[in-house]
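Note sheet for the following structure.
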Amino acid sequence: MKTWMCVVCGLIYEEEKGWPEEGIAAGTAWADVPVDWLCPECGASKAEFEMVEF
Numbered sequence: 683m684k685t686w687m688c689v690v691c692g693l694i695y696e697e698e699k700g701w702p703e704e705g706i707a708a709g710t711a712w713a714d715v716p717v718d719w720l721c722p723e724c725g726a727s728k729a730e731f732e733m734v735e736f
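First residue of the sequence shown? That's 683 in this note's numbering, and the numbers climb one at a time after it.
Here is the structure:
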């Protein structure tokens, strides 16, 4: 599973955890997150996220 970070505010999206509060189930791959999904922290578009490795 991969991790994605909002380049605007730094919010982390982990595919393993999903974002249930936003309707994205745990285990949801980034490619399967709706294209119109917005960062719940700052409202940035999905395009403003980059894959990161820790």
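For glycine and all other residues, C-beta sits at the position ideal for the given N, C-alpha and C.
Evaluate residue i with the Cβ neighbour count: other Cβ atoms within 10 Å of its Cβ, from every protein chain shown; 16 or more gives buried, anything less gives exposed.
i    : result
G700 : buried
V715 : buried
I706 : buried
W724 : Contrary to the premise, residue 724 reads as Cys rather than Trp in this sequence. With fewer than 16 other Cβ atoms within 10 Å, it is exposed.
C691 : exposed
Roughly how far, in whole angstroms, is the beta-carbon of residue i from the beta-carbon of residue j, given that I think they are within contact range, below 8 Å?
i    : j    : result
T710 : E697 : 6 Å
Starting from residue i, trace the beta strand (DSSP E) both ways and give me its first and last residue.
i    : result
F731 : F731 to V734
M687 : T685 to C688
I706 : Per DSSP, I706 belongs to no beta strand (DSSP E) and is neither H nor E.
E723 : Segment: none, E723 is in no beta strand (DSSP E) and carries neither H nor E.
Verify whether the separation of the beta carbon atoms of residue i and residue j is less than 7 Å.
i    : j    : result
V689 : E735 : no
I694 : M683 : no
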